[in-house]
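Residue numbers (the numbering used here): 138 to 252. What follows is one structure encoded as structure tokens, with my remarks underneath.
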């Protein structure tokens, strides 16, 4: 069964950090493009970060450059999103996506930035 399971979301104060995890099962992520998307209330889902199968040439949305980092551990079959210097506007449901011959989505994890 192809599955992506996100974890690590929660409530954090502005300026804080969180690390999201995306554990894959039923397939291996090493040959896939892994991405994180987010969707805030009333807004469309947007691409946050992408890491290619090689792990190089990572891409980020302008709004998160310098604050977020996407990486993966092929041995653990898990992708991550390290989020630092969080802002109120980072509040959203974050989704993991795998792409490469097929596409899979996780169920999402809520990130709330609030004081």
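Beta carbons are placed, not taken as given, at the ideal position from N, Cα and C, and that holds for glycine.
- When the five nearest sequence neighbours on each side are left out, the beta carbons in the same chain lying within less than 7 Å of the beta carbon of residue 243 are those of 141, 142, 143, 159, 232 and 233, in order along the chain.
- Less than 8 Å divides the Cβ of residue 148 from the Cβ of residue 249.
- Relative to residue 150, the option among 191, 223, 245 and 207 whose CA is nearest is 223.
- In this structure, residue 207 lies near residue 187, with their beta-carbon atoms less than 8 Å apart.
- The Cβ atoms of residue 201 and residue 185 sit closer than 8 Å to each other.
- Residue state for residue 143 is assigned as strand, using DSSP reduced to three classes.
- Counted as a single uninterrupted DSSP element, the beta strand (DSSP E) harbouring residue 187 occupies residues 183-188.
- Measuring C-alpha to C-alpha distances from residue 192 to each of 163, 181, 239 and 210 identifies 210 as the nearest.
- By a beta-carbon distance limit of 8 Å, residue 235 contacts residue 161. Their separation comes to about 6 Å.
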